[in-house]
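In what follows, a single structure is set out as structure tokens and then discussed.
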Amino acid sequence: MNRFSYARPGSVADAIREVGSSPAAKILAGGTNLVDLMKYNVERPTHLVDVSRLPGLKEITETEGGGLRIGALVTNTAAAYDPRVQERYPLLSSTILAGATAQLRNAATTGGNLMQRTRCYYFYDASTPCNKRVPGSGCPALHGVNRIHAILGTSDKCIATHPSDMAVAMAALEAVVRVSGPRGERGIPIAEFHRLPGDTPERDTNLGADEVITAVDLPEPRFTTHYTYLKLRDRLSYAFALVSVAAALEMDGGTVGEARIALGGVAHKPWRVPEAEAMLKGKVPDRAAFERVAERILQGAKGHGENDFKVELARRAIVRALSQAAAGTPQSQTDKRIQ
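Each residue of the sequence shown is one higher than the last, beginning at 1 in the UniProt record's numbering.
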């Protein structure tokens, strides 16, 4: 681990100044990802900005229209078990509980969860090339060990996936990430927050280098009955998703009024295809309709050898998740066996 300076600002304004003071500054909150990366010599910050005690960022507050604002320092546990989140956004609560372990959820924060980095084996191994760590050095995963890697939105520079569960539900719910920087405050729709790798895989998000996440806004409550988060992984205990699906439906009698579907474990960001969701509007929620939607969502999906199975796994997962959502029988995150 390299030497670094340390600051614990007392306000968001101070935090913005500190993080903007050095191009190699990093924000430290729960530390559940950054500290590991520092130990592996993957991240080498010269200045750590500890925001864990900033006032006003650990609360969940009401917004207009019955929505909620989740502070950036709200722990995953606090968000998942907040009665308002459980009642108004059960999809989000369920999704958070599908991720990590209870101990990690107690430390991990809302903002940090969104900012966590890929779990690609090559990214974590500082002795190997990796375009995310060293742009232009290459992507060994393209023709190497890539069982956990992306099948959608890839480039010849990177096929890594984003590991967050929480972000998948937030994508389905169309949350907005609130950030502050030297130029003031702004909101970034969750669909625009994370990036596809393209030619700049080292950039995971559209957050400015001198900006700080302050909160996540959830819109007015919807999808409180017909929803599910289905997470498929190599083992039922602590593991990242091979494929996950957040599915939410609003029913209009016997047909679908609106649908939201977001995938995790398949791309560099949570994957949504609004055109596919629109295909369900006014349709009877049956297997045939779900299979057509799955085909549209996975249009262009491609494996890279060891992860070829993910294309079919994702197709089946979408169908199963939509079936669970339509029936109003969400996947249990306690008994994790697939229903």
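In this text, a Cβ means the ideal position worked out from N, Cα and C, and glycines have one as well.
Looking at C-alpha atoms only, which residue of the options is the closest neighbour of residue i?
i    : options                   : result
T154 : C139, V168 and S164       : C139
D252 : L173, A141, P285 and L230 : P285
E18  : A321, P129 and D50        : D50
E174 : R147, K157 and D217       : D217
S5   : N33, R44 and I16          : R44
D204 : A141, R105, P135 and A327 : P135
A160 : T32, H226, G265 and G10   : G265
Q103 : T128, A126 and T32        : T32
N41  : E258, S127 and P201       : S127
T118 : A259, A326, T225 and L196 : L196
L91  : D199, Q333, R337 and I338 : Q333
N76  : E64, G65, K58 and R88     : K58
E87  : C120, D14 and G67         : G67
A78  : P23, I96 and Q339         : I96
G198 : C158, R178, V177 and L34  : C158
P163 : G328, P274, C120 and V319 : C120
K302 : K283, A267, P274 and V319 : A267
P23  : A13, Y89, L48 and S11     : L48
A15  : P274, S137, Q116 and V179 : V179
T224 : P274, K310 and Y89        : Y89
May I ask you to report which of helix, strand or coil DSSP gives residue i?
i           : result
L280        : coil
T110        : helix
K310        : helix
T214        : strand
I16         : helix
A171        : helix
K132        : coil
P140        : helix
D252        : strand
S180        : strand
Y89         : coil
I190        : helix
G265        : coil
G66         : helix
T77         : helix
E185        : strand
D199        : coil
V49         : strand
residue 342 : No information on residue 342 is available, as it lies outside the stretch 1 to 339 that the chain covers here.
R272        : strand
A209        : coil
A301        : coil
Rounded to whole angstroms, what's the CA-CA distance from residue i to residue j? Just pull it up for me.
i    : j    : result
R84  : G99  : 20 Å
A80  : V74  : 10 Å
I27  : F290 : 42 Å
A215 : G187 : 9 Å
L280 : G300 : 20 Å
G71  : G111 : 8 Å
M38  : Y124 : 10 Å
L114 : I213 : 9 Å
R222 : N146 : 37 Å
A141 : D156 : 10 Å
A276 : H226 : 18 Å
R337 : R235 : 10 Å
S237 : R3   : 35 Å
G305 : H194 : 26 Å
D36  : G184 : 31 Å
E312 : R292 : 14 Å
S323 : A288 : 11 Å
H143 : Y122 : 12 Å
N106 : L34  : 16 Å
G20  : V177 : 20 Å
A13  : D82  : 28 Å
If I measure Cβ to Cβ from residue i and keep anything under 7 Å in the same chain, skipping five residues before and after, which residues do I get?
i    : result
A317 : L230, L232, V243 and V245
G208 : G181
E192 : N206
R8   : D50 and R53
Contact check, residue i vs residue j under 8 Å by CB: the rounded distance?
i           : j    : result
D210        : P182 : 6 Å
P330        : S94  : 6 Å
G56         : A108 : Their Cβ separation, rounded to whole angstroms, is 19 Å, which puts G56 and A108 out of contact at 8 Å.
A241        : D165 : 7 Å
residue 368 : L249 : One cannot answer for residue 368 here, as it falls past the ends of the chain, which runs 1 to 339.
I151        : A314 : 7 Å
T255        : A321 : 18 Å between Cβ atoms; not a contact.
P201        : N307 : Contact flag wrong, Cβ pair sits at about 17 Å.
G65         : E220 : 4 Å
A278        : V319 : Contact flag wrong, Cβ pair sits at about 18 Å.
Give every residue of the same chain whose Cβ lies closer than 6 Å to the Cβ of residue i, excluding the five residues on either side of it in the sequence, and list them in chain order.
i    : result
A262 : V168, A171, A172, A246, P270 and R272
T61  : R69
A325 : H226, Y227, T228, A247 and L249
Beta-carbon within less than 8 Å of residue i's beta-carbon, same chain only, minus the 5 sequence neighbours each way: which residues are those?
i    : result
Q339 : Q324, T329, Q331 and S332
K283 : T255, V256 and A289
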